[in-house]
Amino acid sequence: MVSEADLLHKVELVGERHGRRVFEGRRRRNARVKADALAARDLMTAPAVTTYADTPIVARPRQWTASGSSACP
Numbered sequence: 749m750v751s752e753a754d755l756l757h758k759v760e761l762v763g764e765r766h767g768r769r770v771f772e773g774r775r776r777r778n779a780r781v782k783a784d785a786l787a788a789r790d791l792m793t794a795p796a797v798t799t800y801a802d803t804p805i806v807a808r809p810r811q812w813t814a815s816g817s818s819a820c821p
């Protein structure tokens, strides 16, 4: 699943030169790589968060939040 947060990298860096900077931080580098992505696998947050079919519905949002995800399908 590609989240809205993943797509925002493309919007944020539209029209900006994507050259690597000398003192580029990890967050900035990841945003640049995602903005240049052409395939969903390169754009989506990794690793994918999965649950089992028998996981209670109320436990799923907690699992997503614990993993740092901002959305639950």
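Numbering (the numbering used here), first residue to last: 749 to 821. Ideal Cβ positions, reconstructed from N, Cα and C, are used throughout, including at glycine.
Asked	Found
Contact under 9 Å by Cβ, GLN811 with THR793	no
Assigned exposure category for LEU786 - 16 Cβ within 10 Å defines buried	exposed
Which of helix, strand or coil DSSP assigns to ASP754	helix
Whole-Å CB distance - ARG780 paired with LEU761, under 8 Å assumed	7 Å
VAL750 and ALA783 closer than 9 Å at C-beta	no
Limits of the unbroken alpha helix (DSSP H) element including ALA783	774-783
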